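Student: Structure in structure tokens, see below.
Numbering (the working numbering), first residue to last: 7 to 710.
Dropping the structure here:
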């Protein structure tokens, strides 16, 4: 599945749900299996669930899509700064509907007065799914500006995700407000804005995005059933009749004399008048007896026709006329009724089928088919990467030891890992202190998290440690002293296969974490040295930085080994590696020993691993930005598309990762160590709980 189309609207009233489902119908007609997903529920004012778009699609396609995340949960996660977790939950549900689809249509949130966060969430959804965005608008004076703003909202360094526009409700009055004329309150008018609308369609077609279609306005497609009118007004139903079948295309407020209202008794018209206007009531019933299928009669003021009049009109009423009663005055009732939302009712499946067919008939099916035929490799977004990490880790069920077991962030991370089934965490430390720290954070540690007191187990690791290091002159006393350090103790547990991986560094330096691993674990047979990478979760994609933590001044051979290890690690975690060897110059433009080292390392990588896509030396902007890459290295397969960045030395790598992490406020996962026989991973001492959780997940996957 290579295409995800995210449909977003310019604002309320654009008919986003109908257009989204109409696109599903259009794709189905040309033989493309289309799934549908509404990430976050937006209930209409009178909805009490289930979510309308999802239920309508289920009826239309006879496929049950996943239920969207509730708006309350979404706003709660946003408010607590956990947008990443929200996107992971969204991706988990999206994957359910994408399994058996060629294309997925995703309906975005509508930005209205009650949803100021909609644009933020829509851009986050577009990035998380690497979606192609289609903007749905309606005729309005500022439509040009709305489209340009949307293009900017969905843009990044390498272009915009906005690929097309759809103009809905073409032909509706530009103010879209029914108006009162004499005694008649209408819901439709003759269109006097054809020239303006034609000009608007032409302007949309001139935009740099494809104009996918203009959907003509049809009053019949927003005509509510009489049952919908009754629900909206909370009216008393005096006679149901054909409430589910009869639809309202116009309304007439009957305040004139009988002779002056003869013209209003028309098909699909709702008549509104006080219940004591028995002359109008009788005339309406006579029109029904003459075959006029009026939509219904709405009596106002809480007044009912007399018993005798009701008996006189019984046969007419039995033709199916819905008869409703409200307490409000005729004018108040009519004024409220013209504000009735035009959205399709959640159970109005007949109107839905007509509406989606109407939309599908006016979309550019040939363009959609051609667009879907384009081979496209979706970019691995940060949210998708994190979701993938959690899923892979949860399948390994690995034991990860956390030597800094008394540290509050580490305790919270272990708790979250247990809650999300990421790994079996083992905390080293005083049980009393650990439980106290957990309680202060409002969490309770259950049996899924092991707590080991170092004082009770330290002695049994002395002899095994001496056996590992006696060739270096290690004595029992020296081993006992070193085992006072919980990182050393945890590393011995790993060396003896009692655990599958180790994560430390929230309190310790990188050297404190890595040195015991060098001494007690050692390097793997395939590695020439131990190096490190960070997975940098940039706003639009995940990239790999290496080496930013271990090797201060690698030579060309070592730099090549770091590049190969980093590329293999990237591939292991779902990235298709395109390796950029970073320097202060691009191609042949620079000279000097530092540039020459990068140039030689690039040649070594190509010789040792001809399967890898690698280029260098490249400046960072030439490697990362498409326009710069085309300018500085037009023939490069990597320039502008790199996702593995290899820095020439530790000074450059560490400075760059911290600058990007802190200035751009991105999550950096790592450093993940490469080249050890068993996984040991370091943390930044400024690591957040989220950083620790994902590093534990990385470690579990490495161990698996």
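From the three backbone atoms N, C-alpha and C, an ideal C-beta is built for every residue, glycine too.
Just so it is clear, the structure is predicted and the values come from calculations on it, not from any experiment.
List the endpoints of the continuous alpha helix (DSSP H) containing residue 605.
Tutor: Residues 599-614.
Student: How many Å lie between residue 564 and residue 662 at the Cα?
Tutor: If you take the alpha carbons of residue 564 and residue 662, they lie about 20 Å apart.
Student: Compute the Euclidean distance between the alpha carbons of residue 20 and residue 175, then round it to the nearest angstrom.
Tutor: Approximately 8 Å, taken between the alpha carbons.
Student: So within the region 677-701, which uninterrupted beta strand (DSSP E) runs reach at least 3 residues, ignoring any that extend past its ends?
Tutor: 686-688, all fully within the region 677-701.
Student: Flag this pair as yes or no: are the beta carbons of residue 366 and residue 32 separated by less than 9 Å?
Tutor: Result yes, Cβ atoms of residue 366 and residue 32 sit closer than 9 Å.
Student: Using a threshold of 9 Å, state whether the C-beta atoms of residue 581 and residue 650 are closer than that.
Tutor: The answer is yes: Cβ separation under 9 Å.
Student: Which residue comes first and which comes last in the beta strand (DSSP E) that contains residue 217?
Tutor: Element bounds for residue 217: 216-222.
Student: Please classify residue 354: does DSSP put it in a helix, a strand, or coil?
Tutor: Note: residue 354 maps to coil in three-state DSSP.
Student: One question on the structure: do residue 430 and residue 405 come within less than 9 Å of each other, judged by their Cβ atoms?
Tutor: The answer is yes: Cβ separation under 9 Å.
Student: Between the region 136-145 and the region 68-79, do at least 3 Cβ pairs fall closer than 8 Å?
Tutor: No: fewer than three Cβ pairs fall under 8 Å.
Student: Taking only the alpha-carbon atoms, compute the straight-line gap between residue 275 and residue 316 and give it to the nearest angstrom.
Tutor: Distance between the alpha carbons of residue 275 and residue 316: 21 Å.
Student: Is it true that the CB of residue 585 sits closer than 9 Å to the CB of residue 619?
Tutor: Against a cut-off of 9 Å, the Cβ pair of residue 585 and residue 619 comes out as a contact.
Student: Return the first residue and the last residue of the alpha helix (DSSP H) that residue 249 is part of.
Tutor: It is not in any alpha helix (DSSP H) - residue 249 carries neither H nor E in the DSSP assignment.
Student: Count the other C-beta atoms from every protein chain shown that fall within 10 angstroms of the C-beta of residue 266, then say buried if there are 16 or more, exposed otherwise.
Tutor: With fewer than 16 other Cβ atoms within 10 Å, it is exposed.
Student: Give me the Cα-Cα distance between residue 245 and residue 329, rounded to the nearest whole angstrom.
Tutor: Using only the alpha carbons, I get a separation of about 5 Å.
Student: Which partner residues of residue 551 appear in the DSSP bridge assignment?
Tutor: For residue 551, which the question treats as bridged, DSSP gives the partners 540 and 651.
Student: DSSP three-state call for residue 238: helix, strand or coil?
Tutor: Helix at residue 238.
Student: What residue range does the beta strand (DSSP E) around residue 469 cover?
Tutor: Residue 469 -> not in any beta strand (DSSP E); alpha helix (DSSP H) instead, spanning 468-475.
Student: Mind checking who residue 409 pairs with in its DSSP beta bridge?
Tutor: Bridge partners of residue 409: none, in fact.
Student: Is it buried or exposed for residue 688, if we count other Cβ within 10 angstroms and need 16 for buried?
Tutor: Answer is buried; the Cβ neighbour count reaches 16.
Student: May I ask you to verify whether the region 440-451 touches the region 525-538, counting CB pairs closer than 8 Å and requiring at least 3?
Tutor: Taking 8 Å as the limit for Cβ pairs, the verdict is that the region 525-538 does not touch the region 440-451.
Student: Quick check on residue 693: buried or exposed, where buried means 16 or more other Cβ atoms within 10 Å of its Cβ?
Tutor: Burial call: buried.
Student: Count Cβ pairs between the region 387-403 and the region 96-114 that sit closer than 8 Å; are there 3 or more?
Tutor: They touch, by the three-pair rule.
Student: So, helix, strand or coil for residue 484, using DSSP?
Tutor: In the structure shown, residue 484 sits in a helix (DSSP, three-state: H, G or I).
Student: Suppose contacts are defined by Cβ-Cβ distances below 9 Å. Is residue 530 in contact with residue 433 by that definition?
Tutor: Contact flag unset, no.
Student: Quick check on the burial criterion: 16 or more other C-beta atoms within 10 angstroms. Buried or exposed for residue 657?
Tutor: Result: exposed.
Student: Identify the continuous beta strand (DSSP E) that holds residue 427 and give its terminal residues.
Tutor: Segment: none, residue 427 is in no beta strand (DSSP E) and carries neither H nor E.
Student: Expressed to the nearest angstrom, what Euclidean distance is found between the alpha-carbon atoms of residue 696 and residue 475?
Tutor: Approximately 36 Å between the Cα atoms of the pair.
Student: Name, in chain order, the residues that DSSP records as bridge partners for residue 9.
Tutor: In DSSP, residue 9 forms a bridge with 109.
Student: Just to confirm the assignment: which complete alpha helix (DSSP H) runs, minimum length 4, are found wholly within the region 251-339?
Tutor: List check, alpha helix (DSSP H) in window: 284-295, 313-318 and 320-323.
Student: Can you give me the C-alpha to C-alpha distance between residue 422 and residue 254, rounded to a whole angstrom?
Tutor: About 54 Å.
Student: Compare the beta carbon distance of residue 128 and residue 12 with 9 Å and say whether it is the shorter of the two.
Tutor: Their beta carbons are under 9 Å apart, which means residue 128 touches residue 12 by this criterion.
Student: Quick one, are the C-beta atoms of residue 500 and residue 684 less than 9 Å apart?
Tutor: Closer than 9 Å, so yes.
Student: Cutting at 7 Å between CB atoms, please list the residues of its own chain near residue 348, excluding the five before and the five after it.
Tutor: Correct list, in chain order: 228.
Student: Quick check on residue 230: does DSSP put it in helix, strand or coil?
Tutor: Residue 230 falls in the coil class under three-state DSSP.
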